[in-house]
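Chemist: In the numbering used here, the protein residues as written are 990 to 1248. Even glycine gets a Cβ: it sits at the ideal position worked out from N, Cα and C.
(1) Would you check if the stretch 1087-1094 and the stretch 1183-1192 touch, i.e. whether three or more CB-CB distances between them fall below 8 angstroms?
(2) If you count every other CB in all the chains shown that lies within 10 Å of the CB of residue 1114, and 16 or more means buried, which is it?
(3) CB-CB under 8 angstroms to residue 1189, same chain, minus the five flanking residues each way: which ones, in chain order?
(4) Is it buried or exposed, residue 1211, if we count other Cβ atoms within 10 angstroms and call 16 or more buried?
(5) Is residue 1058 closer than 7 angstroms to residue 1087 when the C-beta atoms are compared?
(6) State buried or exposed for residue 1234, treating a residue as buried only when at least 16 other CB atoms are found within 10 Å of its CB.
(7) With contact counted as at least three CB pairs below 8 angstroms, one residue from each stretch, are the stretch 1158-1166 and the stretch 1092-1106 in contact?
(8) For residue 1194, which beta-bridge partners are listed by DSSP?
(9) Suppose contacts are defined by Cβ-Cβ distances below 7 angstroms. Is residue 1040 in contact with residue 1111 by that definition?
(10) For residue 1221, which residues in the same chain have their Cβ closer than 8 angstroms to its Cβ, ignoring the five residues on either side in sequence?
(11) Let me check understanding here. Comparing Cα to Cα, which of 1196, 1135, 1042 and 1028 lies closest to residue 1168?
(12) With C-beta atoms as the reference, is residue 1191 less than 7 angstroms away from residue 1121?
(13) Taking Cβ positions, are residue 1105 and residue 1054 nearer each other than 7 angstroms?
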């Protein structure tokens, strides 16, 4: 009788413990590790260009792009050479050299980072020009050369016809008394943005009689809205002078007289 109670108690105990090793497996799971894919190295080409004005833009050249590329200027000599946005557009601010870091990121790939240099050379001054000059050979009064588009300090030198003219530091030309043609070399020293440049102006000296009406040659580079005025070389007393266009090439739209 006691043996039967013991067997029943043992069976109940085993049933309460889930049986002998017949329990259900645990539902807990371990965290999953995501491995990003390897990728080719991002390549950004160095850039070298000539300064053409503040705000000029240029685009970076990229290779092996997989995702979104961000940019950061990490060094600049002098400061503020370029500005770059996240579209890879470089805005040129001044000559110099800048180092830019580019980072390519994508959720499934490893990120890739590289640097490139942007070098901006001083620009060419295409605006520098000078007008030719006409003088009366026997006139002791000087005339100033007209120079446009200079970026730095101007200096003047008689390049040919040293026996005909002199020129001072302010670009005023004086006749030495003889008719002929001379040339003045005009040098612009440039500045932080633009290279030095030289242009030439031709000086023509006329020998005219005391009662002879004489005008300087009217000549200039075309500019929109350019207005030219007659320049008399003589000193003849006059009451009224009228003007008329006698010939115009290639058509009659070259110029018109204003009242």
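Modeler: Judging by the given coordinates:
(1) no
(2) Answer is buried; the Cβ neighbour count reaches 16.
(3) 1119, 1148, 1172, 1173, 1174 and 1175
(4) exposed
(5) no
(6) Counting every other CB atom within 10 Å of its CB across the protein chains shown gives residue 1234 a total below 16, marking it as exposed.
(7) no
(8) DSSP lists 1124 and 1169 as partners of residue 1194.
(9) yes
(10) 1202, 1203, 1204 and 1205
(11) 1196
(12) Less than 7 angstroms separates the beta-carbon of residue 1191 from that of residue 1121.
(13) no
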